[in-house]
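In the numbering used here, the protein residues as written are 28 to 361.
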């Protein structure tokens with residue numbers, strides 16, 4: 028059931044198959060542009076036959092060097108537009124099975140974007156230039172918005188106003204301010220060094236948070252990106268609420284050093300876990316957070332092992348120097 032996603036598109040494919048499959052001609056004579064058939068020069072290869080085979084040949088299938096083929100095949104997710112799903116969910120598997128080649132694990136059909144509620148068109152000139160957008164606002168916020176704004180697999184509406192709102196509220200206010208104010212308090216109350224902490228109290232604080240990150244991982248693996256990020260932002264909100272509840276400034280004033288240290292450590296540990304979770308979508312911001320915490324950047328090769336680092340204990344070492352640096356996100360004035 029997971030081979031074709033999302034479920035609504037899978038139902039379309041099943042409905043087509045139930046109508047009855049017919050033989051498919053893999054050559055054409057109505058035009059000359061194309062790859063000639065070896066046994067009949069009057070025929071050229073059906074475009075979807077030769078186009079789909081490019082997925083294989085570009086990885087070295089049929090060649091002596093099989094390194095890329097062995098590394099990348101089969102695909103975990105074959106991502107296609109919803110308008111060409113039939114070719115990838117019916118024809119393509121048939122071609123592969125006939126050749127004895129393993130199928131992709133999932134064929135996922137993505138939706139289309141509208142802009143401010145209207146279909147993109149040349150006549151209206153309402154296309155969004157992603158390169159210009161990235162130059163202005165950065166790649167990380169742009170990627171985050173595209174994955175958070177709507178359910179992946181459905182059509183979505185691109186609104187600059189909504190983008191600005193998400194950047195200001197979720198990235199600048201909630202995540203950015205959490206990082207900034209937390210490190211500022213460590214600099215002010217702990218001489219810029221990670222404080223000592225009570226391990227039992229830290230475990231008690233982090234265990235409920237781990238549930239959010241486990242849900243995040245599960246949703247990511249099922250390509251439910253909007254739901255995945257909701258779990259991360261739940262963890263961020265918990266950390267922000269924790270600051271207000273514990274009031275580190277009051278603990279410092281009362282010279283409650285032990286409780287202050289544990290409180291700040293718990294917040295920093297939450298931020299560390301967030302830096303791991305956002306890395307696939309916001310790698311630049313992840314690196315920036317980790318540099319502030321005195322941690323190494325996450326290597327791209329870590330792949331599926333990424334989430335195992337979330338639950339490691341005592342990664343942040345007491346006495347380790349941290350650095351506030353520049354703000355993660357700048358608010359956009361409307």
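C-beta: ideal position from N, C-alpha, C; glycine also.
query = Should residue 119 go down as buried or exposed, given a rule of 16 or more other Cβ atoms within 10 Å for buried?
reply = Stepping through the chain shown from its first residue, residue 119 is reached at position 92. Per the 10 Å Cβ criterion, buried.
query = What does residue 300 pair with, by DSSP beta-bridge criteria?
reply = Within the chain shown, the letter at position 273 stands for residue 300. DSSP, once it has assigned bridges, lists no residue as partnering residue 300.
key: Buried versus exposed call for residue 338 [16 or more other C-beta atoms within 10 Å across all chains shown]   = Within the chain shown, residue 338 is the residue found at index 311, counting from 1. Residue 338 comes out exposed.
request  = Return the bridge partner residues of residue 160 from the DSSP annotation.
outcome  = As a working mapping, residue 160 is identified with position 133 in the chain shown. Beta-bridge partners of residue 160 (DSSP): none assigned.
message = One question on the structure: do residue 112 and residue 96 come within less than 7 Å of each other, judged by their Cβ atoms?
response = Looking up residue 112 in the chain shown gives position 85. Looking up residue 96 in the chain shown gives position 69. In this structure, residue 96 does not lie closer than 7 Å to residue 112 by Cβ.
message = Only counting the same chain, and skipping five residues up and downstream in sequence, which positions put a Cβ closer than 6 Å to that of residue 279?
response = Taking the chain shown and counting its residues from 1, the one referred to as residue 279 is at position 252. Contacts found: 216 and 287.
query = Name the DSSP beta bridge partners of residue 64, please?
reply = In the chain shown, the residue the question calls residue 64 occupies position 37. Partner(s): 67.
query = According to the Cβ coordinates, are residue 262 and residue 237 closer than 7 Å?
reply = The residue labelled residue 262 in the question sits at position 235 within the chain shown. The residue labelled residue 237 in the question sits at position 210 within the chain shown. The answer is no: Cβ separation not under 7 Å.
request  = Would you grab the beta carbon distance between residue 298 and residue 209 for me? Rounded to a whole angstrom, and I think it's under 8 Å.
outcome  = Within the chain shown, numbered from 1, the residue matching residue 298 stands at position 271. Within the chain shown, numbered from 1, the residue matching residue 209 stands at position 182. Your pair residue 298 and residue 209 checks out as a contact, with CB atoms roughly 6 Å apart and the cut at 8 Å.
ask   = Looking at C-alpha atoms only, which residue of 165, 290, 150 and 193 is the closest neighbour of residue 224?
value = Position 197 of the chain shown holds residue 224. Minimum Cα distance to residue 224 is reached at 290.
request  = Give me the Cα-Cα distance between residue 48 and residue 41, rounded to the nearest whole angstrom.
outcome  = Counting from one through the chain shown, the residue named residue 48 turns up at place 21. Counting from one through the chain shown, the residue named residue 41 turns up at place 14. Cα to Cα, residue 48 sits roughly 11 Å from residue 41.
query = Looking only at C-alpha atoms, which of 36, 151, 104 and 198 sits nearest to residue 110?
reply = On the chain shown, position 83 is the one that residue 110 refers to. Of 36, 151, 104 and 198, the residue nearest in Cα terms is 36.
ask   = Are the Cβ atoms of residue 323 and residue 352 separated by less than 7 Å?
value = Within the chain shown, residue 323 is the residue found at index 296, counting from 1. Within the chain shown, residue 352 is the residue found at index 325, counting from 1. Not a contact, by the Cβ cut-off of 7 Å.
ask   = Is residue 184 helix, strand or coil by DSSP?
value = As a first step, residue 184 must be located in the chain shown, where it is residue number 157. The answer is strand: DSSP assigns residue 184 an E or B state.
query = Tell me, which residues are paired with residue 72 by DSSP?
reply = Here residue 72 corresponds to residue number 45 of the chain shown, with the count starting at 1. DSSP lists 54 as partners of residue 72.
query = Leaving out five residues before and five after residue 33 in sequence, what residues of the same chain have Cβ atoms less than 6 Å from its Cβ?
reply = The residue given as residue 33 occupies position 6 in the chain shown. So the qualifying residues of the chain are 180.
task = With a threshold of 16 other CB atoms inside 10 Å of the CB of residue 131, please say whether the residue is buried or exposed.
result = Here the question's residue 131 lines up with position 104 in the chain shown. Under this definition residue 131 is a buried residue.
task = Report buried or exposed for residue 183, applying the criterion of at least 16 other Cβ atoms within 10 angstroms of its Cβ.
result = Indexing the chain shown from 1 puts residue 183 at position 156. By the 10 Å Cβ count, residue 183 comes out buried.
inquiry  = For residue 152 and residue 161, what's the separation of their Cα atoms in angstroms?
reply    = Here residue 152 is taken as the residue at index 125 of the chain shown, counted from 1. Here residue 161 is taken as the residue at index 134 of the chain shown, counted from 1. Computed Cα separation, rounded: 19 Å.
query = Do the CB positions of residue 79 and residue 70 come within less than 7 Å of each other?
reply = Start at 1 with the first residue of the chain shown, and residue 79 comes out as number 52. Start at 1 with the first residue of the chain shown, and residue 70 comes out as number 43. No, the pair does not count as a contact, with Cβ atoms beyond the cut-off.
request  = Tell me whether the beta-carbon of residue 104 lies closer than 7 Å to the beta-carbon of residue 133.
outcome  = Position 77 of the chain shown holds residue 104. Position 106 of the chain shown holds residue 133. Yes, the Cβ-Cβ distance between residue 104 and residue 133 is below 7 Å.
inquiry  = By DSSP's criteria, residue 145 is part of a beta bridge. Which residues make up the other side?
reply    = Counting from one through the chain shown, the residue named residue 145 turns up at place 118. Beta-bridge pairing links residue 145 to 142.
task = Identify every run of the alpha helix (DSSP H) within the segment 184 to 211, keeping only runs that are complete inside it and at least 4 residues long; order them along the chain.
result = Taken in chain order, the unbroken stretches of alpha helix (DSSP H) that lie wholly in the segment 184 to 211 and span 4 residues or more are 187 to 193.
C-alpha gap between residue 167 and residue 242, whole angstroms = Reading the chain shown from its first residue, position 140 is the one you call residue 167. Reading the chain shown from its first residue, position 215 is the one you call residue 242. Taking the straight line joining both Cα atoms gives about 22 Å.
message = Please classify residue 232 as buried or exposed, where buried requires at least 16 neighbouring CB atoms within 10 angstroms.
response = Walking along the chain shown from the start, residue 232 turns up at place 205. Buried, because 16 or more other Cβ atoms sit within 10 Å of the Cβ of residue 232.
inquiry  = Beta-carbon within less than 7 Å of residue 203's beta-carbon, same chain only, minus the 5 sequence neighbours each way: which residues are those?
reply    = By one-based count along the chain shown, residue 203 stands at place 176. Hits under 7 Å: 354, 355 and 356.
task = Alpha carbon to alpha carbon, how far is residue 44 from residue 21? Give it in angstroms, no decimals.
result = The requested residue 21 is not part of the displayed model; the chain covers only 28 to 361.
ask   = From which residue to which residue does the beta strand (DSSP E) around residue 105 run?
value = Here residue 105 is taken as the residue at index 78 of the chain shown, counted from 1. If you look at residue 105, you'll find it in the beta strand (DSSP E) that goes 105 to 108.
ask   = Which one or two residues does DSSP pair with residue 220 in a beta bridge?
value = On the chain shown, residue 220 is found 193 positions in, with the first residue counted as 1. Secondary-structure assignment with DSSP links residue 220 through a beta bridge to 348.
query = Do you know how far the Cα of residue 340 is from the Cα of residue 140?
reply = Counting from one through the chain shown, the residue named residue 140 turns up at place 113. Counting from one through the chain shown, the residue named residue 340 turns up at place 313. So the alpha carbons of these two residues sit roughly 42 Å apart.
key: Exposed unless 16 or more other CB atoms sit within 10 angstroms - verdict on residue 66   = One-based indexing of the chain shown puts residue 66 at position 39. Sixteen is the threshold: since fewer than 16 other Cβ atoms of the shown chains lie within 10 Å of the Cβ of residue 66, the residue is exposed.
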